[in-house]
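Numbering (this note's numbering), first residue to last: 25 to 376. What follows is a set of notes on a single structure, which appears directly below.
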Amino acid sequence: MTDSLTNWGIIGHEWAVAFLRRSIAGDRMAHAYVIGGPEGIGKALLALRLAQALNCDRAGVDPCLQCRACQRIAHGNHPDVRVVGMATQAAGLKPDEAARQKELRIDTVREWQRDVTLKPYEGRRRIFILHDAERLTEAASNALLKTLEEPPPYATLILVAHTAGSLLPTIVSRCQLLRLRPVPRAQVAAALREMRGLIAGDAELLAAWSGGRIGWALRMADAPEELEARQEQLAALLSLAEQPIAARLRWAEERAKEYRAGEQAAVMDMLALWQSWWRDVLLTAAGCPQAIVHIDRRDEVTTAASHYAVADVHAFLTSIGLTVQRLRDNVNPQLAIEGTLLALPERRGVRR
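In structure tokens form, the structure reads like this:
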């Protein structure tokens, strides 16, 4: 058996795979799991591999990834593996209706739960994967609790959440929590060289940008146009510091329109990108330039670090974080984004 298969074909997260392998080997599987971590870190793949391991035709601790069961699970057509989330909830809706979907509704959970009562059709276990679990409404969360309290012995429930802390504590307490950590930068870069054929410099840059999110890095390696757009977006964000207040407010109005039109993820990604830049400025000002993300812009980061007060940069980073939270709390998006722009630190002379 290859090293790849003993880690379930997953890059990083060796501790999580080892824990699950031991649980399967010792017949100590939990009835429910919460897999948490940032978007693109590998949560969905780990959930899929767990489902494959529990129903693989070879019945070992590792999924072979080749048998009929593993293949059917990978393609989403195994009768004993049910996957739902925001994407399935929005399926079949008109584009504008799909864009308005912000929460996992109780109807989605109840439909998912109806299958829990059915015994396995051809596999050893029934596996239920719920993506975007952090978006459960209060009613949906309470409905889910009933299943978590008394699950059938043949069922395994896997909740996948970007922020496990957003789930009800009563839900988390009834599950085995696996909180995935960022994959080391060197490991991400090595994977990009081996799996995508990137040269060393490009692999190191993309690994730095990824923040340890291996899935994000692999996806971006296949989409150079998105990387170019990201660089253009960062340049536009940095130019805001030189623009008058009126121009900044017009920019905020445009982003708010995008947010209301259903492009919430794009606006959140933009704020995360902006935050990553100012975090680099703060790290450099604090004497930790080796930890920065934008390694292709070291000179610019160094210059910025010398032109802004550390306290002002820290305050602005806090402001971006508050804006993200306010948007999640359904605060008026234009007011939230304007608040961040008004908090932009003022450029000062080079400190001696």
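Every residue, glycine too, gets a C-beta built ideally from N, C-alpha and C.
Taking C-alpha atoms, which residue in the options lies nearest to residue i?
| i | options | result |
| --- | --- | --- |
| E252 | L295, E277 and D226 | D226 |
| V355 | Y283, A329, I130 and R217 | Y283 |
| A328 | L262, L295 and D131 | L262 |
| A210 | S190, T180, G236 and I223 | G236 |
| I153 | D304, T112 and I65 | T112 |
| D246 | L222, E256, I269 and A259 | L222 |
| S234 | A40, I34, P62 and G33 | P62 |
| L366 | S197, A188, A231 and A265 | A265 |
| P144 | P103, A115 and L117 | P103 |
| G60 | L191, L307 and A83 | L191 |
| L229 | H318, G116, S330 and T30 | H318 |
| A68 | E135, N101 and A185 | A185 |
| M294 | E250, V105 and V212 | E250 |
| A259 | T308, R274 and E324 | E324 |
| Q349 | L172, E121, A296 and E146 | A296 |
| G36 | E287, V212 and W275 | V212 |
| T187 | T180, I34 and H155 | H155 |
| I53 | I182, R352, T308 and A270 | The displayed chain sequence assigns Met, not Ile, to residue 53. M53 has its Cα closest to that of I182, out of I182, R352, T308 and A270. |
| G147 | P119, E174, L117 and V105 | V105 |
| A179 | R92, M292 and L74 | L74 |
| A339 | T364, R352 and P119 | T364 |
In whole angstroms, what is the alpha-carbon distance linking residue i and residue j?
| i | j | result |
| --- | --- | --- |
| Q299 | A289 | 15 Å |
| H55 | E38 | 22 Å |
| Q200 | V337 | 38 Å |
| P357 | E162 | 23 Å |
| Q314 | R138 | 52 Å |
| L359 | A285 | 16 Å |
| A49 | Y57 | 17 Å |
| V133 | G109 | 9 Å |
| T26 | P177 | Because the pLDDT of T26 is 41, which lies under 50, any placement of that residue in the model is unreliable, and the number read from its coordinates should be weighed accordingly. Their backbone Cα atoms lie some 32 Å apart in a straight line. |
| R376 | A333 | Residue confidence is low: R376 scores 34 on pLDDT, short of 50, so the model does not pin down where it sits. No coordinate-derived value is stated. |
| R198 | I65 | 24 Å |
| Q95 | Q257 | 39 Å |
| T342 | R303 | 10 Å |
| R371 | S330 | 9 Å |
| T326 | A310 | 11 Å |
| A276 | P268 | 13 Å |
| N31 | P208 | 16 Å |
| G33 | G100 | 18 Å |
| D51 | R150 | 16 Å |
| T308 | W301 | 11 Å |
Let me check one thing: in DSSP terms, what residues is residue i bridge-paired to?
| i | result |
| --- | --- |
| R106 | F152 |
| I59 | V184 and L202 |
| A179 | R150 |
| L392 | This structure does not reach residue 392, given that the chain is present from 25 up to 376, and the question cannot be answered. |
> Counting Cβ pairs closer than 8 Å, one from the region 77–95 and one from the region 193–213, do we hit at least three?
Replying inline: no
> Within the chosen definition, does the region 207–220 reach the region 238–250 through at least 3 CB pairs nearer than 8 Å?
Replying inline: yes
>> Within 8 Å, do at least three Cβ pairs link the region 152–167 to the region 116–135?
In response: yes
>> Using a Cβ distance threshold of 8 Å, determine whether the region 31–48 contacts the region 164–179, with at least three qualifying pairs required.
In response: no
>> Could you tell me which whole beta strand (DSSP E) segments of length 3 or greater appear in the region 235–294?
In response: none
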